[in-house]
Amino acid sequence: MTTSADQPLDTSPLKTSLDTSPLDTTTLDTSSLDTTALNAALPDAPPPRRLRDRPRDDLTVHDVTVHDRTEDDTRTGDTRPRNTAPPTEPPPRPRPSRSLPRALLSLVRPGQLPKNLLVVPLALLDAQTAPQGLAARTAWAVLLFTLASSLVYVLNDLSDRHRDRLHPDKRHRPIASGQVSVSAALALGTGLALLLTAAALYGPVTDWWPIAVYLALNLAYSRGLKHVPLLDVFIVAIGFALRVVQGHLAGGTAVRGWMLVSVFSLCLVFVLGKRRHEMTAGGVSHRPSLRGYSVPFLDHLIALCAGVTVITFLLNLEESVGAPHTDLAILGSAPFALFAMARYLQLLHVDGDGGEPTRILLRDRAMVVNFLLWALLLGGTLLAARY
56 MTTSADQPLD TSPLKTSLDT SPLDTTTLDT SSLDTTALNA ALPDAPPPRR
106 LRDRPRDDLT VHDVTVHDRT EDDTRTGDTR PRNTAPPTEP PPRPRPSRSL
156 PRALLSLVRP GQLPKNLLVV PLALLDAQTA PQGLAARTAW AVLLFTLASS
206 LVYVLNDLSD RHRDRLHPDK RHRPIASGQV SVSAALALGT GLALLLTAAA
256 LYGPVTDWWP IAVYLALNLA YSRGLKHVPL LDVFIVAIGF ALRVVQGHLA
306 GGTAVRGWML VSVFSLCLVF VLGKRRHEMT AGGVSHRPSL RGYSVPFLDH
356 LIALCAGVTV ITFLLNLEES VGAPHTDLAI LGSAPFALFA MARYLQLLHV
406 DGDGGEPTRI LLRDRAMVVN FLLWALLLGG TLLAARY
């Protein structure tokens with residue numbers, strides 16, 4: 056049997072389902088067969104597929120894509136093309152990169168440079184008299200440590216550029232973000248090293264062994280000691296204690312033990328607070344030494360070092376302030392010292408703002424007002440004791 060479309064037709068289902076008069080299955084003229092009866096006799100056969108009213112050759116790919124829908128799509132009003140992908144959002148625009156000079160300036164972290172101003176001039180407080188050239192030598196010591204710390208920042212960023220890309224904040228640093236190439240950073244580090252060598256050899260400060268120790272410790276720190284828990288924070292705190300020693304050597308004054316311990320423990324508080332902020336903000340993947348810490352453990356260490364800082368600072372006042380103003384200096388300084396430590400712990404634990412200790416010391420209003428009032432009281436007391 057052949058259909059009007061000249062296609063072979065299997066007549067076995069028709070022969071089985073139609074129990075009527077004998078039908079010649081050799082040839083079947085479909086023109087005499089009722090279409091309705093044929094459809095009823097073949098319930099499992101799919102209905103003939105029509106491509107609208109136009110021949111196949113006239114249909115383009117767009118027409119097939121648009122009109123190849125089911126009746127359910129027409130009833131629900133879904134007129135979207137079947138084979139088209141949903142529109143994708145345009146890629147985000149990259150952040151505008153800084154110019155190379157600004158990126159190089161950011162690499163030496165100018166916001167961290169006031170650390171030298173906060174620590175080194177402490178030697179001036181122990182100077183009973185003002186020898187000739189004291190201010191110039193102290194300023195030169197600040198310059199030496201500024202160059203040394205800038206060199207250390209460049210070396211650290213070069214060493215940590217792969218890990219910094221995993222941190223939510225540090226990934227924007229110049230080397231990690233690609234704004235400064237490795238070759239440009241090496242050139243900057245070489246220039247800083249040459250300037251530091253010239254300033255140390257030809258400057259007014261002849262005793263600069265604390266800077267040499269500082270550079271040696273930080274070189275070992277960058278080469279692997281920064282991955283050792285506890286040792287990493289102690290090396291950073293020792294760097295600040297070396298600043299104090301360099302300031303006293305430049306001023307020709309003796310280093311007081313209690314003041315050195317107070318500065319060392321205070322720097323431990325800040326470094327441990329920064330580690331705690333890193334753990335809560337970015338996890339431990341970007342700094343291997345953080346695997347040796349936990350937030351409760353860091354909290355205990357910070358509280359311990361904070362107590363040592365306040366006690367040793369008051370003991371230093373007892374040595375440096377002469378009678379009869381010793382009690383006034385200690386009793387007057389105790390509330391300010393405790394408030395400063397409590398305020399930092401509040402910002403660290405309550406506000407979660409411990410990533411940049413220098414910014415807290417210089418920009419927090421409560422901290423700045425507390426330091427100004429404290430400086431007036433302590434400065435007046437020291438002047439009264441000496442004159």
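Letter by letter, the sequence shown follows residues 56 to 442 in my numbering.
Glycine residues also receive a C-beta, built at the ideal position from the N, C-alpha and C atoms.
Nothing here was measured: the structure is a model prediction, and the numbers come from that model.
When we look at the beta-carbon of residue i and count the other beta-carbons within 10 Å, is it buried (16 or more) or exposed?
i	result
W263	buried
H278	Note that residue 278 is Arg in the sequence shown here, rather than His. By the neighbour-count rule (16 or more Cβ atoms within 10 Å), R278 is not buried but exposed.
S388	buried
V350	exposed
E333	buried
T193	buried
D219	buried
A231	buried
F200	buried
D406	exposed
L172	exposed
F352	exposed
L297	buried
T367	buried
R228	buried
H217	exposed
What does the alpha-carbon distance come out to for the pair residue i and residue j?
i	j	result
R398	L280	31 Å
L159	K329	24 Å
A430	D224	34 Å
L356	E411	18 Å
P169	T413	8 Å
A275	H380	45 Å
C322	L155	33 Å
M314	G166	25 Å
G362	V326	15 Å
P147	V339	Here P147 scores only 38 on pLDDT, less than 50, and its place in the model should not be relied on; the value that follows carries that caveat. When rounded, the distance between both Cα atoms is 28 Å.
S215	L437	According to the sequence provided, residue 215 is Asp. The question's Ser does not apply to it. Going by the C-alpha atoms only, they are around 45 Å apart.
L221	Y348	19 Å
N273	T335	25 Å
S375	D382	12 Å
D287	G258	32 Å
V237	T308	42 Å
What would DSSP say about residue i, mapped onto helix, strand or coil?
i	result
E411	coil
T85	For T85, the pLDDT reaches just 45, beneath the cut-off of 50, and the residue's location in the model is therefore unreliable, leaving the point undetermined.
S340	coil
Y348	coil
A254	helix
S161	helix
D419	coil
T335	helix
H217	helix
L168	coil
R311	coil
G233	coil
T261	coil
S238	helix
Kindly give me the distance between the Cβ atoms of residue i and residue j, rounded to whole angstroms, as I take these residues to be in contact under 8 Å.
i	j	result
I385	L400	That belief does not hold up - the Cβ atoms of I385 and L400 are roughly 22 Å apart, past 8 Å.
A248	L213	Their Cβ separation, rounded to whole angstroms, is 13 Å, which puts A248 and L213 out of contact at 8 Å.
C360	S320	5 Å
I266	A255	7 Å
Y269	A203	6 Å
V209	L162	6 Å
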